[in-house]
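Visitor: Please see the structure below; I have some questions.
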Amino acid sequence: MGKALHALGRFCARWPWAALGIWTLLAAVVAGLVVAYGPETSNDLALPGTESQQVQDLLTERFPPQQNGANPIVFHVEDGKLTDPDNQQAVKSAVKDLRSAPHVHSVTSPLSDAGKTAGLLSDDKQTAFAPVLLDVGSSELDLEIATAVFKATQPASAAGIQVEAAGAIGTELSDQPTESSEVVGILCAMLILTLVLGSLIAMGMPIITAVVGLVFALATIGLMGHLVAVPDTGATLATMIGLGVGIDYALFMITRHQQHLEEGMRVDESIAKTVATSGSAIVFAGGTVVVALVALRVANIPLLSTLGLASAVAVLTAVLAAITFLPAVLALLGRRVNWLSLPAFMRRKHTDGGVWGRWAGFVTRRPVLLTLVALAFLAPLIVPAPSLAFGQEDIGAAPPDTTERKAYDLITAGFGAGYNGPLQVASRLDPPASPSDEYNRKYAKATSLQKQLQKDQKTLPQQQKQLEAQQKQLEAQQADLEAQKADLQAQQADLEAEQAELRSEGDQLETQGARLQEEQASLEAQARRLRAEKAGLLRQKQRLIAQRDRLEREARALAERARPLVRRLVVLEARDRVLQRRIERAEANGNDAEVARLRARLQEVRGEEAQVRTDLAPLRRQAEQLAAQARALQAQANQLQSRADALQAQADQLSARADRLRAQARQLESQKADLQASASDLQAQADELRAQADQLQQQGAELQQAGVRLQQQADALKGRQQTAEQQKKQAEKLQKQLTAMVTAAGGDPRATDTRVVTLQTALSGTDGVQTLTPPQTNQRGDVVLLSAVPTTAPATERTARLLTEVREQVVPQATSEGGITTYVGGYTASYADLATLISQRLLLVIGTVILLGFVLLMIAFRSILVPLQAALTNVLSAAAAFGILTACFQWGWGIDLVGLDTSSSTVPIASYVPLMMFAVLFGLSMDYEVFLVSHIQQHHLAGEPARQAAASGLRTSARITTAACLIMTSVFASFILNGDPTIKQFGVGLASAVLLAGIL
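Okay, structure coming up:
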């Protein structure tokens, strides 16, 4: 390799413009490809063999584009409510515009009936979110599409409504720029390089070389995204590593070149020899890093593979730039590489000893002591490492000024943290879903009742009108009879005057007849009075029934007014219990601030609960009073009916007595026949009048019978009306039940399938599930999608336990009858599966990386002890770095120091961060091993004893390796300034790991 690199270095030194021309040509090709195809990134988390991937595959195959997931657009007002007319119109306009936005498949309005049923509007009606379903996945979603979709919400923003975006749209709009981190890292590196190299020109060379290599790497990674799914984090991680190794590799080259020039070597020969010596170490060290990163492929996790591949590309371009581009530039500079040097007092003194010489002597004289000191230093740093838990990216820790964090906080405050990461429960149904028997039975019965009611609504009013017309006709006939009767009575009075002289002869008979006539008149008067009293009682009864109906309507109105308060009281009691449990957990965790905040919130909830009970109390009392009044009115109506029946009986008795009196009167008339012989004409007239009276009486009886028949018909009609009213209530009850079933089924009767309902019931009853959104069914009916909203935030351990419980207990029990296969996936489940996969394959990856590094070092130095010592050192420094990472983020000891603003005192560590850290660290720390051991080997080959060679190698390489370590640490640490919590974790972990590796 040395000869080949020497030839490469000589070519670059003698033909620098040709070398730079090749770089320019490559730059033109890469730039042309970037312009033609554009960079491509994808945050799709593919996890072959996991349940979350099965959900993704099922939805992609049978229910597109549900696999892309919903992107909540959040609406919020501080004053008023979203249901106020102006705000409601603005939200509706925004939803309408969203439906017309590019690549929007569907949008559910939170203010629609479907949106309210799905729980898209908060209880206080100040926060709502509209789930936006795109027809493109995150791999196709770019800033242009996300901006166009978000711009469609302008009507709501213009109305003063706060609008924020979550999901993939929010993530795309919230990408954090890394320029500030890069600038800080480069400035720190420039300072260190200036002090080490002693020249501003020399200082600029590593920076330029690293930037050139990084630009090529990022362009290549962007193009690589068309072949494999490269996440957004891949470019940032490649930037961190590319800058660090690029500057370090160039530093090693320049320092060796400066040494050669100081020794009087020609520029071209110095460059060739530098490429052959330091270049060999760089190629080997870079190869070690690349192998360590590519070794992540053994985990068979696409995310880790692409992150490792992207980082390996950055390292590879850094190596190529160091051994080709830099030598060409150095050749053009010649001996001007040391121009713009520092003042003499700031430049390094060329002495054989110095600080590093004394340190090398101390180390070689007391190796055991320093080993114990190093272990004592590492021990407390390693202590937190065993408690490291693999988590997921926490949007709740994202920068507060990003739209995805604002959306997260608004959803958490308005609905609960679980709404930010619901579990997707996708089910395959065989046979496809169909309406349940219960639904079909109730639907058929409701349809039959509806038809009967429609028929009654047509016939009953007509019959009622007919009865009223007959009643009026009877009343007219009754009035005519009364008039005729009055005429007859007048004629009878005339006859009585003419018969005055006959009365003296039949006083006794006349007296008896008069008495009978008086009794008959009295009975008839009583009968008329009783009928009038009965009619009055019936009218009074009707008024009481009307009053009772009015009271019942008022009672129903009160019930409607009280229902929201009762629902609110149930919600508040549930919040009370949730807050108590959270207080208990916070007390158990010793988080006094969280306990105080939760207790204050609990006090507010209990105050609101007391207010609701206070508001509900008068409504209940009023309802009880109305019920009592209705019962009293019903009792009075019953009493009036009883009195009317009694009066009817008395009237019947009087009519019977009147008939008997008429019979007696006829007997007296027969006795008076002799006396009336002389007054035959008068008697004839009296007979005629009596006949007319009998006819009138008969007509009156017939009218009474007709009235009875009309009353019977009215009673029958009333019974039919009551039956119709009962059927109407039954139909309304069935309609409510059907509406509730269809609502729970997401508006699709097919989702009333017992298999779906059983799964819904099981999920809803699971502890830790806050709510369950209505099911969504595909067109064929063979896939049903549910969203279970946890009570806890997506990144919490409780949510992970809930996922396990749902997968291992709830779903198997709910689907045990067969015909349904259910998978649980979604954003939260995907990262939980990722953590599980990493946990399962962690030892495999670590072992592979260590083994490959061991083999490479053993081949390079033909030694077993050197690679063994390197592997042990790397494992110790990695363990210490893991401990620092755990204490800083998982224990929360450094949350404020790294600039994270989150409501929680801790931040979960993204599951892939530790594994990526180990691979990167193992490769980078090998750089120091390679450069140190190569120096020691050179001195040993020059004839120095082993101990002396070790001291000489350390003395000559310590300054450069320490500078390289500080540069890489500065570059990694500068990325702590990035707002992304995951990038901060990489920055803290890699900076501490590289620093510890350099110290060891």
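Counting along the sequence shown from 1, when you hit position 820 you're at 1166 in this note's numbering, and nothing is skipped either side. Ideal Cβ positions, reconstructed from N, Cα and C, are used throughout, including at glycine. All of these numbers come straight from a predicted model, not from anything done at the bench.
(1) Between which two residues does the alpha helix (DSSP H) carrying Q1159 extend?
(2) From which residue to which residue does the alpha helix (DSSP H) around A664 run?
(3) So, for Q400: in the same chain, excluding its five sequence neighbours on each side, which residues have a beta-carbon less than 6 Å away from its beta-carbon?
(4) Is the distance from the Cβ of Q1331 to the Cβ of I1241 below 9 Å?
(5) Expressed to the nearest angstrom, what Euclidean distance is found between the alpha-carbon atoms of G415 and L479?
(6) Roughly how many whole angstroms lie between the Cα atoms of P1357 and T1328?
(7) State buried or exposed for Q1106, treating a residue as buried only when at least 16 other CB atoms are found within 10 Å of its CB.
(8) Skipping 5 residues on each side, what residues in its chain have a beta carbon closer than 8 Å to that of Q1038?
(9) Tell whether a beta-carbon distance below 9 Å holds between G588 and A660.
(10) Report yes if the CB atom of A664 is closer than 9 Å to the CB atom of V1130, and no otherwise.
(11) What would DSSP say about N417, mapped onto helix, strand or coil?
(12) Residues in its own chain within less than 6 Å of T493 by CB, not counting five upstream and five downstream?
(13) Can you say whether S733 is buried or exposed, counting buried as having 16 or more other CB atoms within 10 angstroms of its CB?
(14) So what's V574 in DSSP terms, helix, strand or just coil?
(15) Going by Cα to Cα distance, which pick from I600, A934, Q893, I538 is closest to A1309?
(16) Looking at the structure shown, is T1098 part of a helix, part of a strand, or coil, going by DSSP?
(17) Using a Cβ-Cβ cutoff of less than 8 Å, which residues in the same chain neighbour V482 once the five nearest sequence positions on both sides are dropped?
(18) Let me know if I1322 comes out buried or exposed under the rule of 16 or more other beta-carbons within 10 Å of its beta-carbon.
(19) Tell me whether A627 sits in a helix, a strand or coil according to DSSP, three-state version.
(20) Can you name, in chain order, every residue of its own chain whose Cβ lies under 7 Å from the Cβ of R356, other than the five neighbours on each side?
(21) Check whether the stretch 1197-1207 and the stretch 433-448 touch, using three or more Cβ-Cβ pairs below 8 Å as the test.
(22) Please report the residue range of the alpha helix (DSSP H) in which A492 lies.
(23) Is the stretch 870-884 in contact with the stretch 987-994, if contact means three or more CB pairs nearer than 8 Å?
(24) Quickly, what does DSSP pair E510 with across the bridge? List them, please.
(25) Could you name the residues that DSSP lists as bridge partners for G1171?
(26) How many angstroms separate the CA atom of A1146 from the CA atom of Q500?
(27) In this structure, does DSSP put V380 in helix, strand or coil?
(28) Go ahead and pull the three-state DSSP assignment for Q1125.
(29) Helix, strand or coil: how does DSSP classify H606 here?
(30) Relative to the alpha-carbon of T749, which residue among A511, L653, S1251, A1097 has its alpha-carbon at the smallest distance?
(31) Would you call T579 buried or exposed, if buried means 16 or more other Cβ atoms sit within 10 Å of its Cβ?
(32) Going by C-alpha distance, which of V1135, T1248, D1326, W361 is nearest D1113?
(33) Specify, as a first and last residue, the run of the alpha helix (DSSP H) that P673 falls within.
(34) Given D922, which residues of its chain have a CB within under 7 Å of its CB, disregarding the five upstream and five downstream residues?
(35) Going by DSSP in three states, F1350 sits in which element: helix, strand or coil?
(36) Scan the stretch 907-991 and note each continuous beta strand (DSSP E) run of 3 residues or more that stays entirely inside, going in chain order.
Guide: For this structure:
(1) Residue 1159 sits at position 813 when you count from the first residue of the sequence shown. Segment 1157-1160, the alpha helix (DSSP H) holding Q1159.
(2) What you label residue 664 is simply residue 318 of the sequence shown in a count that begins at 1. Per DSSP, A664 belongs to the alpha helix (DSSP H) from 648-666.
(3) Locating residue 400 in the sequence shown gives position 54, where the first residue counts as 1. Result list for Q400: Y1169, in chain order.
(4) Against the sequence shown, residue 1331 aligns to sequence position 985. Against the sequence shown, residue 1241 aligns to sequence position 895. No. Outside cutoff.
(5) Here the question's residue 415 lines up with position 69 in the sequence shown. Here the question's residue 479 lines up with position 133 in the sequence shown. C-alpha separation (whole angstroms): 7 Å.
(6) With the chain represented from 347 up to 1346, any question about residue 1357 goes unanswered, as that position is not in the structure.
(7) For this step, residue 1106 is matched to residue 760 along the sequence shown. Its Cβ being crowded by 16 or more others within 10 Å, Q1106 is buried.
(8) Here residue 1038 refers to the residue found at position 692 of the sequence shown. Here the set comprises Q830, L834.
(9) If you number the sequence shown from 1, residue 588 lands on position 242. If you number the sequence shown from 1, residue 660 lands on position 314. In this structure, A660 lies closer than 9 Å to G588 by Cβ.
(10) What you label residue 664 is simply residue 318 of the sequence shown in a count that begins at 1. What you label residue 1130 is simply residue 784 of the sequence shown in a count that begins at 1. No; because the gap between Cβ atoms is not below 9 Å, this pair is not in contact.
(11) For the purposes of this step, residue 417 is taken as the residue at position 71 of the sequence shown. Here N417 sits in strand by DSSP.
(12) Position 147 of the sequence shown holds residue 493. Closer than 6 Å at the Cβ level, and outside the excluded window around T493, lies no residue.
(13) Working through the sequence shown from its first residue, we reach residue 733 at position 387. Looking at its Cβ environment, which holds fewer than 16 other Cβ atoms inside 10 Å, S733 is exposed.
(14) Taking the sequence shown and counting its residues from 1, the one referred to as residue 574 is at position 228. If DSSP states are grouped into helix, strand and coil, V574 belongs with coil.
(15) Walking along the sequence shown from the start, residue 1309 turns up at place 963. The option with the nearest alpha carbon to A1309 is I538.
(16) Within the sequence shown, residue 1098 is the residue found at index 752, counting from 1. T1098: helix per DSSP, three-state reduction.
(17) Here residue 482 refers to the residue found at position 136 when the sequence shown is read from its first residue. For V482, where only same-chain residues beyond five positions count, the Cβ hits under 8 Å are P411, N414, H449, I491.
(18) Against the sequence shown, residue 1322 aligns to sequence position 976. Buried.
(19) Residue numbering aside, residue 627 sits at position 281 when the sequence shown is read from its first letter. In the structure shown, A627 sits in a helix (DSSP, three-state: H, G or I).
(20) Locating residue 356 in the sequence shown gives position 10, counting from the first residue. Answer for R356: D614, A618, listed in chain order.
(21) no
(22) As a first step, residue 492 is located in the sequence shown; it is residue number 146 there, counting from the start. Element bounds for A492: 489-497.
(23) yes
(24) Along the sequence shown, one-based indexing puts residue 510 at 164. Answer is V420.
(25) Stepping through the sequence shown from its first residue, residue 1171 is reached at position 825. Looking at the DSSP assignment, G1171 forms a beta bridge with Q770.
(26) Position 800 of the sequence shown holds residue 1146. Position 154 of the sequence shown holds residue 500. Rounded to whole angstroms, A1146 to Q500 spans 37 Å at the Cα level.
(27) Taking the sequence shown and counting its residues from 1, one reaches residue 380 at position 34. In this structure, V380 counts as helix in the three-state DSSP scheme.
(28) Taking the sequence shown and counting its residues from 1, one reaches residue 1125 at position 779. Coil, per DSSP.
(29) For the purposes of this step, residue 606 is taken as residue 260 along the sequence shown, with counting starting at 1. Three-state DSSP puts H606 in a helix.
(30) Against the sequence shown, residue 749 aligns to sequence position 403. Answer by Cα proximity: A511.
(31) For this step, residue 579 is matched to residue 233 along the sequence shown. T579 comes out buried.
(32) Within the sequence shown, the letter at position 767 stands for residue 1113. Of the candidates V1135, T1248, D1326, W361, the one whose C-alpha sits nearest the C-alpha of D1113 is V1135.
(33) Your numbering for residue 673 matches position 327 in the sequence shown. That run of the alpha helix (DSSP H) goes 672-679.
(34) Stepping through the sequence shown from its first residue, residue 922 is reached at position 576. Excluding residues within five positions, the ones whose Cβ falls inside 7 Å are L948, V951, R952, E955.
(35) This structure does not reach residue 1350, given that the chain is present from 347 up to 1346, and the question cannot be answered.
(36) Within the stretch 907-991, no complete beta strand (DSSP E) run reaches 3 residues.
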